[in-house]
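Student:
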Amino acid sequence: MTYFVETLNRHIIEQERRYPEATGAFTALLTDIALAGKIISYYVNKAGLVDILGKAGGMNIHGETQEKLDVFANRTMVRALVHGGQLCTLASEESEGIIPIPSDYPLGRYVCCFDPLDGSSNIEANVSIGTIFSIFRRITPDGKPGTEKDILQPGKKQVAAGYIIYGSSTMMVYSTGSGVYAFTLDPSYGEFVLSHENLTIPKKGKIYSINESYFDYWDEGVRNYVRWAKRAVPEDGRPLNSRYIGSLVADFHRNLLYGGVFLYPGDSKSPSRKQGKLRLLYEANPLAFIVEQAGGRASDGFTPILDIEPSDVHQTSPLIIGSEDDVRIAEEFIQGKRTT
Ligand code: AHM
Ligand code: MG
80 MTYFVETLNR HIIEQERRYP EATGAFTALL TDIALAGKII SYYVNKAGLV
130 DILGKAGGMN IHGETQEKLD VFANRTMVRA LVHGGQLCTL ASEESEGIIP
180 IPSDYPLGRY VCCFDPLDGS SNIEANVSIG TIFSIFRRIT PDGKPGTEKD
230 ILQPGKKQVA AGYIIYGSST MMVYSTGSGV YAFTLDPSYG EFVLSHENLT
280 IPKKGKIYSI NESYFDYWDE GVRNYVRWAK RAVPEDGRPL NSRYIGSLVA
330 DFHRNLLYGG VFLYPGDSKS PSRKQGKLRL LYEANPLAFI VEQAGGRASD
380 GFTPILDIEP SDVHQTSPLI IGSEDDVRIA EEFIQGKRTT
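Just so you know, the sequence shown maps onto residues 80 to 419 in my numbering.
1. Is Y343 near ligand 3, in the sense that its beta carbon is under 7 Å from a heavy atom of that ligand?
2. Relative to ligand 1, is the shortest distance from any of its heavy atoms to the C-beta of K356 smaller than 7 Å?
3. By the 10 Å Cβ neighbour count, where 16 or more other Cβ atoms means buried, how is R376 classified, buried or exposed?
4. Which class does I413 belong to by DSSP, given the choice of helix, strand or coil?
5. Three-state secondary structure (DSSP) at S171?
6. Determine the direct distance from the alpha carbon of Y189 to that of Q232, and round the result to whole angstroms.
7. Kindly indicate the opening and closing residues of the beta strand (DSSP E) around L398.
8. Give the secondary structure of K236 by DSSP, where H, G and I count as helix, E and B as strand, and everything else as coil.
9. Quick check: what's the CA-CA separation for L264 versus G258?
10. Mind checking whether the beta-carbon of D194 lies closer than 7 Å to any heavy atom of ligand 2?
11. Identify, in the order they occur along the chain, each residue of the same chain with its Cβ nearer than 7 Å to the Cβ of S199, setting aside the five sequence neighbours on each side.
12. With respect to 7 Å, is the separation between the Cβ of G375 and the closest non-hydrogen atom of ligand 1 below this value?
13. Identify whether G127 lies in helix, strand or coil by the three-state DSSP scheme.
14. With which residues is E270 paired in a DSSP beta bridge?
15. Give a yes or no on contact between the stretch 335-355 and the stretch 287-305, applying the rule of three or more CB pairs nearer than 8 Å.
16. What would DSSP say about H162, mapped onto helix, strand or coil?
17. By how many angstroms is the C-alpha of F331 removed from the C-alpha of V252?
18. Below 7 Å, is the gap between the Cβ of S326 and the nearest heavy atom of ligand 1?
19. For F381, which of helix, strand or coil comes out of DSSP?
20. Does DSSP put P220 in a helix, a strand or coil?
21. Does ligand 2 have even one heavy atom less than 7 Å from the beta-carbon of E227?
22. E175: beta carbon under 7 Å from a heavy atom of ligand 2?
23. Tell whether a beta-carbon distance below 8 Å holds between S402 and P281.
24. Going by the beta-carbon positions, is the gap between S288 and I369 smaller than 8 Å?
25. Can you tell me whether N124 is buried or exposed, with buried defined as 16 or more other CB within 10 angstroms of its CB?
26. Please classify L108 as buried or exposed, where buried requires at least 16 neighbouring CB atoms within 10 angstroms.
27. Can you name, in chain order, every residue of its own chain whose Cβ lies under 6 Å from the Cβ of I92, other than the five neighbours on each side?
28. Kindly list the residues whose CB is nearer than 6 Å to the CB of T249, restricted to its own chain and excluding five residues on each side of it in sequence; keep chain order.
29. Check whether the Cβ atoms of E276 and Y296 sit closer than 8 Å, and answer yes or no.
30. Should L169 go down as buried or exposed, given a rule of 16 or more other Cβ atoms within 10 Å for buried?
31. With which residues is G256 paired in a DSSP beta bridge?
32. Where do the ends of the beta strand (DSSP E) carrying P195 lie?
33. Consult DSSP for F105 and reduce its assignment to one of helix, strand or coil.
34. For the candidate residues I324, K285, T395, S292, whose alpha-carbon lies nearest to that of R310?
35. Could you pull out every residue in the same chain whose Cβ sits closer than 7 Å to the Cβ of V272, ignoring the five residues on either side in sequence?
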């Protein structure tokens, strides 16, 4: 049934109805994430103002102490998610280990990994940033606190994933494994309304997104790919357009809509960057889930992202993600199967 406006809540409920065994836990969980997104969106929009209105002593005009937005976003996500009884544990980019559910709250059957405010170093320049989330079913027995085992699952076990992008509008993009849906926040009445149904990524795009300042630190395969992408060969659509915002959700979202490839490979700038910078559990996995649901592809250059078995909550992974044909070509260069 099509409603006058299809709200996110209505959509989640309709989707869950298709599964007679569903308990409503999933609906509640996604609704909690959407609520956190609305709160974070409100404060992201005020970010510049808070600074202007509250310079003295870190207090704003209401006498409230200012807090870094990524810390605030983390606290908002944790608060929105721990109380509802849907989760048995959480993991966040902003917290060192796993986050337990306080003992006075009920425990649920799911776990959630998230990056509360990715790209937050861009906030002051008014660049789009985002919250990324990934949901698994727990694998340890019900009724007890979740453990690291529940968090360290390969991406193909995700039951839902998505992101909320705070851009010229705020949008929540998510998938529960049957297509990708995007909802735009209408600030006048505070609802996410369906704006993109069954989103698919073009099979081939015109964009490559990579931070080229690391050129000298890359392996030869990545360098060869970038040389290939820049070469003028009009009959096969090259040069590709270079677009790099430096904010993962924004770069990914643009490529999802227009087609193209985003690359964050490993580099030799420091030993910690051998496997790149982006985190497997709450950056690469959820976006890989979304892109595959949209008909695209994601790998570390060799292995599909969703097949990687994690061993650490904060481990990084090279990420090559986007349109199927473009990712395949980049993989061929990275694997040394071609050089030109
Ligand atoms: P963050 O999680 O600390 O915000 O860092 C992740 C961000 C991504 O949004 C973006 O893709 C990447 O860092 C950009 O890194 P670089 O400046 O090295 O290109
Ligand atoms: Mg991040």
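Beta carbons: idealized from backbone N, C-alpha and C, even for Gly.
None of the values given here were measured: they were computed from a predicted structure.
Tutor: Well, looking at it:
1. Although ligand 3 was asked about, the structure shown includes only ligand 1 and ligand 2 as ligands.
2. Your numbering for residue 356 matches position 277 in the sequence shown. The answer is yes for K356.
3. As a working mapping, residue 376 is identified with position 297 in the sequence shown. Counting Cβ neighbours within 10 Å, R376 comes out buried, since at least 16 surround it.
4. For the purposes of this step, residue 413 is taken as residue 334 along the sequence shown, with counting starting at 1. The answer is helix: DSSP assigns I413 an H, G or I state.
5. In the sequence shown, the residue the question calls residue 171 occupies position 92. Here S171 sits in strand by DSSP.
6. Residue 232 sits at position 153 when you count from the first residue of the sequence shown. Residue 189 sits at position 110 when you count from the first residue of the sequence shown. Computed Cα separation, rounded: 12 Å.
7. For this step, residue 398 is matched to residue 319 along the sequence shown. Per DSSP, L398 belongs to the beta strand (DSSP E) from 398-401.
8. As a first step, residue 236 must be located in the sequence shown, where it is residue number 157. Helix at K236.
9. Position 185 of the sequence shown, counted from the first residue, corresponds to residue 264. Position 179 of the sequence shown, counted from the first residue, corresponds to residue 258. One alpha carbon belongs to L264, the other to G258, and they sit about 20 Å apart.
10. As a working mapping, residue 194 is identified with position 115 in the sequence shown. True, at least one ligand heavy atom lies under 7 Å from that Cβ.
11. For the purposes of this step, residue 199 is taken as residue 120 along the sequence shown, with counting starting at 1. Around S199: L148, D149, I208.
12. Your numbering for residue 375 matches position 296 in the sequence shown. Checking the Cβ of G375 against ligand 1 gives no.
13. In the sequence shown, the residue the question calls residue 127 occupies position 48. G127: helix per DSSP, three-state reduction.
14. On the sequence shown, residue 270 is found 191 positions in, with the first residue counted as 1. Per DSSP, D265.
15. The stretch 335-355 vs the stretch 287-305: in contact.
16. On the sequence shown, position 83 is the one that residue 162 refers to. DSSP places H162 outside both helix and strand once states are collapsed to three, so it counts as coil.
17. On the sequence shown, position 173 is the one that residue 252 refers to. On the sequence shown, position 252 is the one that residue 331 refers to. When rounded, the distance between both Cα atoms is 11 Å.
18. Position 247 of the sequence shown, counted from the start, is the residue given in the question as residue 326. Yes.
19. Residue numbering aside, residue 381 sits at position 302 when the sequence shown is read from its first letter. Coil.
20. In the sequence shown, residue 220 corresponds to position 141, counting from 1. P220: coil per DSSP, three-state reduction.
21. Locating residue 227 in the sequence shown gives position 148, counting from the first residue. No, the beta carbon of E227 sits no closer than 7 Å to any heavy atom of ligand 2.
22. Sequence index remark: in the sequence shown, residue 175 carries index 96 (1-based). No; taking the cut-off as 7 Å, the Cβ of E175 has no heavy atom of ligand 2 nearer than that.
23. On the sequence shown, position 323 is the one that residue 402 refers to. On the sequence shown, position 202 is the one that residue 281 refers to. Against a cut-off of 8 Å, the Cβ pair of P281 and S402 comes out as a contact.
24. Within the sequence shown, numbered from 1, the residue matching residue 288 stands at position 209. Within the sequence shown, numbered from 1, the residue matching residue 369 stands at position 290. Not a contact, by the Cβ cut-off of 8 Å.
25. As a position in the sequence shown, residue 124 is number 45, starting the count at 1. Exposed: under 16 other Cβ atoms inside 10 Å.
26. Working through the sequence shown from its first residue, we reach residue 108 at position 29. Buried: at least 16 other Cβ atoms inside 10 Å.
27. Taking the sequence shown and counting its residues from 1, the one referred to as residue 92 is at position 13. Within the same chain, I92 has close Cβ partners T106.
28. Locating residue 249 in the sequence shown gives position 170, counting from the first residue. The residues are S120, L264.
29. Indexing the sequence shown from 1 puts residue 276 at position 197. Indexing the sequence shown from 1 puts residue 296 at position 217. Against a cut-off of 8 Å, the Cβ pair of Y296 and E276 comes out as no contact.
30. Taking the first residue of the sequence shown as position 1, residue 169 is located at position 90. L169 comes out buried.
31. Counting from one through the sequence shown, the residue named residue 256 turns up at place 177. Per DSSP, none; premise fails for G256.
32. Position 116 of the sequence shown, counted from the first residue, corresponds to residue 195. 189-197 is the span of the beta strand (DSSP E), which, as asked, contains P195.
33. On the sequence shown, position 26 is the one that residue 105 refers to. Three-state result, F105: helix.
34. For the purposes of this step, residue 310 is taken as the residue at position 231 of the sequence shown. With distances taken between Cα atoms, R310 lies closest to K285.
35. On the sequence shown, position 193 is the one that residue 272 refers to. Closer than 7 Å at the Cβ level, and outside the excluded window around V272, lie V84, E85, T86, F262, T263, D265.
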